Amino acid sequence: MDFENVGGEIMDHVFGRLNIGARITLCGLVSEYNDYNGDNAQRGLRNVSQLLMQRATLRGFIVFDHVDQYAEIIGQLSLALSAGTLRSAETVIDGLEHARHTLNRSLAGENKGKVVVKVITD
1 MDFENVGGEI MDHVFGRLNI GARITLCGLV SEYNDYNGDN AQRGLRNVSQ LLMQRATLRG
61 FIVFDHVDQY AEIIGQLSLA LSAGTLRSAE TVIDGLEHAR HTLNRSLAGE NKGKVVVKVI
121 TD
């Protein structure tokens, strides 16, 4: 099972190692957001033959399809954070003036966890 958020070379690597009957949930393609060929076309999926050969299933997942479950899951996640059974990693950057550079670093995978740009200091 693969919960895919990155795409690109990482997804190609995963696709090359799929088990027969693998299930892939596609939630995002971060590596593809600003990745265009010279002709202004996105690269798209490569290594798709592995889906066929391994009889894998690829299904899209859009978080907005589950709005009715937000309150429940937020409660469960809050409890898990409080209990220490779930940990949150974040990179905090001070100053809105660093937001653009921070976004580029985030898309390049240069951060750990969620990136927060702190706009107002206490």
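In UniProt numbering, the protein residues as written are 1 to 122. We treat Cβ as the ideally placed atom computed from N, Cα and C, and that holds for glycine. Just so we're clear, the structure is a prediction, and the values are computed from it rather than from any experiment.
State the Cα-Cα distance for the pair Gly113 and Ser49, rounded to the nearest angstrom. On the sequence shown, position 113 is the one that residue 113 refers to. On the sequence shown, position 49 is the one that residue 49 refers to. Using only the alpha carbons, I get a separation of about 32 Å.
Counting only the same chain and skipping the five closest in sequence on each side, list residues whose C-beta sits under 6 Å from that of Ala89. Indexing the sequence shown from 1 puts residue 89 at position 89. Result list for Ala89: Lys112 and Gly113, in chain order.
Go to Leu26, then tell me how far its beta strand (DSSP E) extends in each direction, as first and last residue. For this step, residue 26 is matched to residue 26 along the sequence shown. Run containing Leu26: Arg23 to Leu26, per the beta strand (DSSP E) assignment.
How many angstroms separate the CA atom of Gly84 from the CA atom of Asp94? Along the sequence shown, one-based indexing puts residue 84 at 84. Along the sequence shown, one-based indexing puts residue 94 at 94. Spanning the two alpha carbons is a distance of roughly 27 Å.
Could you pull out every residue in the same chain whose Cβ sits closer than 6 Å to the Cβ of Arg23, ignoring the five residues on either side in sequence? For this step, residue 23 is matched to residue 23 along the sequence shown. Excluding positions up to five away in sequence, the list reads Met1 and Thr57.
Go to Glu9, then tell me how far its alpha helix (DSSP H) extends in each direction, as first and last residue. Within the sequence shown, residue 9 is the residue found at index 9, counting from 1. Segment Gly8 to Phe15, the alpha helix (DSSP H) holding Glu9.
Can you give the Cα-Cα distance for Arg100 and Val115, rounded to whole angstroms? Translated into positions along the sequence shown, residue 100 becomes position 100. Translated into positions along the sequence shown, residue 115 becomes position 115. For Arg100 and Val115, the distance between alpha carbons rounds to 12 Å.
Gly16 versus Phe61, Met53 and Val67, residue with shortest Cα-Cα distance: For this step, residue 16 is matched to residue 16 along the sequence shown. Selected option, being the one with the closest Cα: Met53.
At what residue ranges does the segment 60-115 contain a whole run of the beta strand (DSSP E), taking only runs of 3 or more? 90-94, all fully within the segment 60-115.
If I follow the unbroken alpha helix (DSSP H) through Leu18, where does it start and stop? Your numbering for residue 18 matches position 18 in the sequence shown. First-last for Leu18: undefined, no H or E at that position.
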